[in-house]
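There are 6 protein chains.
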Amino acid sequence: MKKQMPWEDRPANSKDVMWRYSANPIIPRNLLPTSNSIFNSAVVPFGNAFAGVFRCDDTNRRMRLHVGFSEDGINWNIKEEPLKFICDDKEIGEWVYGYDPRVCFIEDRYYVTWCNGYHGPTIGVAWTTDFENFYQLENAFIPYNRNGVMFPRKINGRYAMLSRPSDNSHTQFGDIFYSESPDMNFWGKHRHVMSPAAFEKSAWQCTKIGAGPIPIETSEGWLMIYHGVLQSCNGFVYSFGSAILDIDEPWKVKYRSGPYLISPQTYYECVGDVPNVCFPCASLHDEATGQIAVYYGCADTVTGLAFGYIPEIIEFTKRTSIV
Amino acid sequence: MKKQMPWEDRPANSKDVMWRYSANPIIPRNLLPTSNSIFNSAVVPFGNAFAGVFRCDDTNRRMRLHVGFSEDGINWNIKEEPLKFICDDKEIGEWVYGYDPRVCFIEDRYYVTWCNGYHGPTIGVAWTTDFENFYQLENAFIPYNRNGVMFPRKINGRYAMLSRPSDNSHTQFGDIFYSESPDMNFWGKHRHVMSPAAFEKSAWQCTKIGAGPIPIETSEGWLMIYHGVLQSCNGFVYSFGSAILDIDEPWKVKYRSGPYLISPQTYYECVGDVPNVCFPCASLHDEATGQIAVYYGCADTVTGLAFGYIPEIIEFTKRTSIV
Amino acid sequence: MKKQMPWEDRPANSKDVMWRYSANPIIPRNLLPTSNSIFNSAVVPFGNAFAGVFRCDDTNRRMRLHVGFSEDGINWNIKEEPLKFICDDKEIGEWVYGYDPRVCFIEDRYYVTWCNGYHGPTIGVAWTTDFENFYQLENAFIPYNRNGVMFPRKINGRYAMLSRPSDNSHTQFGDIFYSESPDMNFWGKHRHVMSPAAFEKSAWQCTKIGAGPIPIETSEGWLMIYHGVLQSCNGFVYSFGSAILDIDEPWKVKYRSGPYLISPQTYYECVGDVPNVCFPCASLHDEATGQIAVYYGCADTVTGLAFGYIPEIIEFTKRTSIV
Amino acid sequence: MKKQMPWEDRPANSKDVMWRYSANPIIPRNLLPTSNSIFNSAVVPFGNAFAGVFRCDDTNRRMRLHVGFSEDGINWNIKEEPLKFICDDKEIGEWVYGYDPRVCFIEDRYYVTWCNGYHGPTIGVAWTTDFENFYQLENAFIPYNRNGVMFPRKINGRYAMLSRPSDNSHTQFGDIFYSESPDMNFWGKHRHVMSPAAFEKSAWQCTKIGAGPIPIETSEGWLMIYHGVLQSCNGFVYSFGSAILDIDEPWKVKYRSGPYLISPQTYYECVGDVPNVCFPCASLHDEATGQIAVYYGCADTVTGLAFGYIPEIIEFTKRTSIV
Amino acid sequence: MKKQMPWEDRPANSKDVMWRYSANPIIPRNLLPTSNSIFNSAVVPFGNAFAGVFRCDDTNRRMRLHVGFSEDGINWNIKEEPLKFICDDKEIGEWVYGYDPRVCFIEDRYYVTWCNGYHGPTIGVAWTTDFENFYQLENAFIPYNRNGVMFPRKINGRYAMLSRPSDNSHTQFGDIFYSESPDMNFWGKHRHVMSPAAFEKSAWQCTKIGAGPIPIETSEGWLMIYHGVLQSCNGFVYSFGSAILDIDEPWKVKYRSGPYLISPQTYYECVGDVPNVCFPCASLHDEATGQIAVYYGCADTVTGLAFGYIPEIIEFTKRTSIV
Amino acid sequence: MKKQMPWEDRPANSKDVMWRYSANPIIPRNLLPTSNSIFNSAVVPFGNAFAGVFRCDDTNRRMRLHVGFSEDGINWNIKEEPLKFICDDKEIGEWVYGYDPRVCFIEDRYYVTWCNGYHGPTIGVAWTTDFENFYQLENAFIPYNRNGVMFPRKINGRYAMLSRPSDNSHTQFGDIFYSESPDMNFWGKHRHVMSPAAFEKSAWQCTKIGAGPIPIETSEGWLMIYHGVLQSCNGFVYSFGSAILDIDEPWKVKYRSGPYLISPQTYYECVGDVPNVCFPCASLHDEATGQIAVYYGCADTVTGLAFGYIPEIIEFTKRTSIV
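Following this line, the structure appears as structure tokens:
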């Protein structure tokens, strides 16, 4: 019997392209005895159910990754012990910090990418087949980088990853780039994908942007849900929208939504450790129905779910495109 | 039959000079299908009812002006289509962005002023007689300027305007100036009105200040309700207070309230796209009763109403004056 | 008959080391007719009841100190008139501003220390025996300094104080230092106590730190509850934790909690004039039961209470120590 | 007999479009007993000789304007007493500071414009016929503005001025705007002229720009010599180049030089109170020969001269234009 | 007959480890008709003489690379036409800007690396055999990066490069990293090499550091001459020193000089477009005598030469090592 | 026979109040084999000659103090070994860094004060009788402080010191304060002396100020020569002027020079490690003649001398006073 992805129909009088789960947040900040917050986390189908890698900041406010499992994708059993990567190379394997994980199944295994502390933030990479043993590989890039998101299959015969070069602080700029690797150890063929939008065109994404969940292959191209940031006089506001990337040359943006899909508007998105943050890191979808469930961090504190239909999101992206 | 301005009596046990409408916010953020937020807007009596120019940011977070009408000043019918100004001069008439409008009736027509994008923010000016056709004039000033607020009659035989010279970012300074024009095209006789207050005297207005609704002529002078900003370690806080300007030389401040009238304290003022903002842009008043209703933007997200009596506000301004 | 300190048992299913009072906040922002906020205040046993010195910002947002009294430590009667210090020396006695008071009983009198405006923030000092007359002494240090906290008895035969050298703005750094005085007029023997923690070790205290309530003498050393600050992209977040200082050489830190005890998580801590602030300034405790009640400012707006057991806090500090 | 403008032929082996006077600087920093520096000054033909308004900072480093006269335009007799403007309106006439003057003859009198301290920098305006009595008019604009430069005749029947809106500190941005006035009191019809260039196109002018000497009418349009600023990791570098503005609509830029004409390269331009500054404020030219002499401030300390031929400068501007 | 590398003996009474060429600067800023400055350039033996790639900023202040040749390494013939790279891939081959080149001979060809504008600064890579045709490869890294310096032979069977991850402005931080590539297209195995030194230990290199000339293989390890930056209140100061890297694992620093070898002290190093810069990009050396000549940019304006003996530099590095 | 202080008569045609020694700089940057720069140093009469404590930054750019001796006050013999303080208390005695020393003879010994690294900059204190053995006392103040300058006799029966509270970076503010100590261990009675001047009044001292040499007792009060800083767009400029402090209450400023005495104008003051710095730290004077010689650091690189007559400086201070 197959697992059922999380779902809730669009509210009666809503015309929104995406809508929030009425029982948000699905994961409270203190689900673990020592967790300060659980958010910006990755979820995938695993066997007949779901598995995930979760960002759980502890009450030292240290950023840690934890493995979790769920039958329904909503109620999660997260291990109390932080994830420990297996790594032969001490230089790489020494843990400093890790956050904002993504998980991507390619061919025969699950790849985890995350923002990894190695003399500054860069993209850590590991793989697992069982969500028990995780084997850490080389960091994909030199620091400073964040939001490394893999594609779910090879492109042009190579592994492919989106990322967002950064600096070593609260970066005030950020473009999305695309890179390829023949072997998951060496990376190159770096291509620029897209920059923040002009303030006058689409202000919610005018300061910096970064890829969110694993891109989804569609007949129109890769559907990429990504976050954008607007800097108000009171700090950063994180929303998310959508773009369609060329299927063979994913560094070419075909469409890009002018409006956001979700911006911080509810209490749990507006109030928390970092107010006004909606930060998507994973999604589940059903090919038959086109239903998609996006997992996103709320106010850097808890985890929420938003729903939609992929065809509608594609149509919305094309209709409102600012490309 | 004459329209009735919005009103609600002071709550039983309140001693506040101004108090909030119990049904605030009166305009929700998503009143329009594509609005992200509706706030910092202008309202005037029009015929037997009310008309207004509203700041409606769309879900691209683009700033737009929209016309609206209301029978009671509380329930508003806002047009879905953004306001389009009629302008012969392409250089001026090309729309970039516009926000924080004010509307002022002088002699025979309604003048709209707003923060207009023209190689940076400056003061856009237009007029209408019917709230259908708006004729755009020259920008009043060179950039960078915000919060242009006209006086409701000529002074010294000339049109008069308050404004707040700025920079092209999240300005951290801001004095109110006064200027005159013989013809609404050329402006001069610039006079300094007032600076932010000393931190030790009145901290809520110690970072920058800007005029709010159209000044009201009283026997004591012009009653100007204005916003003030305090910069905490977590960003700007916008409150509002009152001042009395000399009736003939309005650049001379007779009284200025040390305390604020309203500061962000309710959920809808403290939580939103920009937390902790109360930003007044318009008022209605009744000469017979002295009742005044102030429209103010809340957290850059929704619109609220606050009530008071003009004589009490004047008395409060004089009694607490820091001039 | 002896006064009863405030207390409420740990909630049934809580495992937290400290827990909030269920009726928080205990002091609303507008308890006084002209108060904008009441927070970051000091409380001590006094006679058969309690007395305190309160930070009450008025609606000019001027920072003022007020005296208050309470029978139960929860319901406070705060004087409407600001505290006026008696001081012979005009140079010192002229009031500019004062905030974040602490009160410490040593030998025969109560010493008040506070952040005192004297050409920048420094540590003001005064004493009282009756909470009626307060005699102001020399400022302890040259500016710029904040969070001056005395020890409740002489150390090495001298008065002793913790403080946090600062700059004259929203300081982005801050270590705790220790100083001694033979006479409460001249201070020296300045020793470094502790710095912010490494981001990777304990991020909630990685930007700056400062002592909170008067340290409590225990068999393990001085129990110091202190605030720590994390700078997110949306501003400062103030939490608090605990440390144990050597009993004879209090500049030597024996243990220091990696996790926080309390961080901003409730509405009244997250929403207010400065969002996300928990700032402790005083505590009451009972030696027999080990019960402790910590008074802390919430969002720079209201005052809350948190409870715990000193032996548990000590055990927690030792167990999680990052020293 | 007619005065002879300063001149020196192009050095033998030079191919530069403009070249420095070999006896630079022509005015030493301490020409006056109390002058710290003399630079950024205005010079015009006057009678059979030359007159000027000079920026002379005194050894308090206060910025003052002084009148000067010269027979040859090179050796200057500067009055020790600062220039005092005659002004009926106290609000305007009170001297705060004044710097970077320009002088422009229009119809029957000389107009002086300068950066005038009035609650921040703005454009002061005065006129004289004899360089003895200077009558101060209204400030042309609301603060914050610098580099107000008039055109030598009315345009479209109105007085015309270029200026550079600024902020109240070391402004890091700056576009040139154009404004008109019917009467030298009220200004309007503000038009954008040009912005800093793209870093990749012409880096010496990529941070901010501002008009220099009075524009010169030519058959190709108005020749405007202007300064541009590049921000290195060690501060601002001021160079100057040239542009051709449309003769009837001077806000339309026809050509704009990619290369600079002069950048700081000599000792007296690179070393001084503000290193690496070449700042032109005035020029003299001879219609018959096309010879031009540009007066420019060097390192904010002394005054230099550079020579060229107007036709060559025009040709250079067109040939290298980045418009 | 073999070429003679540039050389001048140590001055009689000097005890310096390295000393300047008495005829510095060897390349004036205006060697080319349109050059504003020539500095931070790369030089290698080529046939019986020398070739180089030079940073020549033009008088637009655009950064360009130019090829040059010399018989003696001192008098250079630089081509007026900027270097144009041959590149099939338009995405990579489009020129934005390029600066601070290095040239490294490996096996059978010369590799050029430089700071290449591709949506921000990154490391451009190209090769040539004849200094006529240069074939551009993939950028080595995602932006933002500067100071890419190759090793002159493969290490562990792979090409190896040092670089300095940066941000997109005047970066205030900077560590040296090491990366490997199997094919000059894909890069990985990123290892941290070294960070800025502690201010108290070696202040001239406490803000940021970056590799300079191609490392030289010695019996002690790789001799790396690198620049370090100190930020004074008046901007950045660039000096250079030396380090010895492990021969097989070059990311391991064996020795690192505490003192600088050369810091800005002469007029041409202290005065220019960016004051106080000594920036080495290339060296020539003679194995027999141990003589080395370092080419370094002076004040971002001209090019200088400094001499020394490799064994003495090694001894100095070991003796003063701060590792 | 008595030593002769350094002296050179005023140049023939100079009217300056102070003038430079024609053989400046008197101490070259590399007087010591390992010195990068020697500047901001202290000099006193000692026996029949002179002794001093010198700031000698080594070529690691580490800040060190060195002892030196001279027969004529011009030619100095500086010890190669850095000064090592004798200190029982390890917490205090551990050397981090030390710079900008002053030396003051009081009663029976020489006191050295300097900017001492102790978890940030503060005022280190030591004494000597023989310039061989220096005994270190407690730091006078908590960090962050610089420019601690003692008075040459007790005032009100206590030791007295001027200082300049700072932050832990390139401080952008700075007032002079006065403090007293009964025993050189504990300090208090902190009084504000003076703030930076208003920009419009005396711009060279409008950013920050700090005491220089030991104040000189005169019939008019204490003559204090002090540095002032102006922040241009290209960094800080350090000049120096004079003030007269009340003889019994030295925190009261009687006169304060509007103009500077010396500002950076010569090559060795304008070009060096930190351009545009004149920083006085010591003086010698002769009571009979009124002659004074001021030692000042030049461009943070070398040491210069300036001369004047005390009566003339006093007259100048009074005549130009901005108090």
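Residue numbers (full-length UniProt numbering), protein chains in the order written: chain A, 1 to 323; chain B, 1 to 323; chain C, 1 to 323; chain D, 1 to 323; chain E, 1 to 323; chain F, 1 to 323. Cβ coordinates follow ideal geometry from the N, Cα and C atoms, glycine included.
Length of the line joining the Cα atoms of residue i and residue j
i, j, result
"T122(B)", "F141(B)", "6 Å"
"R55(A)", "F236(A)", "20 Å"
"R64(C)", "F131(C)", "16 Å"
"M1(D)", "P33(E)", "Unreliable placement is indicated for M1(D), whose pLDDT of 44 sits below 50; the coordinate value is still reported in the next sentence. Taking the straight line joining both Cα atoms gives about 41 Å."
"A97(D)", "G148(D)", "Residue identity check: residue 97(D) is Tyr in the sequence provided, not Ala. Their Cα atoms are separated by approximately 15 Å."
"R146(F)", "F85(C)", "31 Å"
For residue i, the residue or residues it bridges with in DSSP
i, result
"C115(E)", "Y99(E), I123(E)"
"G188(F)", "F186(C), E180(F)"
"P33(F)", "Its beta-bridge partners do not exist; DSSP assigns none."
"G221(B)", "T218(B)"
"Y296(C)", "P280(C), G304(C)"
"residue 328(D)", "Nothing can be reported for residue 328(D), as the shown portion of chain D is limited to 1 through 323."
"R109(D)", "I106(D)"
"I209(D)", "G228(D)"
"N147(B)", "Answer by DSSP bridge pairing: none, since N147(B) is not bridged."
"F50(B)", "P45(B), S70(B)"
Coarse secondary structure for residue i, derived from DSSP in three states
i, result
"P165(F)", "strand"
"A203(A)", "helix"
"I155(E)", "strand"
"P311(B)", "helix"
"T129(B)", "coil"
"G258(A)", "coil"
"G93(F)", "helix"
For residue j and residue i, believed in contact at Cβ under 8 Å, the rounded distance
i, j, result
"S202(C)", "G258(C)", "5 Å"
"A211(E)", "I155(E)", "The pair is not a contact, with the Cβ atoms about 14 Å apart (cut-off 8 Å)."
"S181(C)", "R158(C)", "6 Å"
"W7(F)", "A293(F)", "7 Å"
Complete runs of the alpha helix (DSSP H) confined to the region 56-81 of chain D [at least 4 residues]: none
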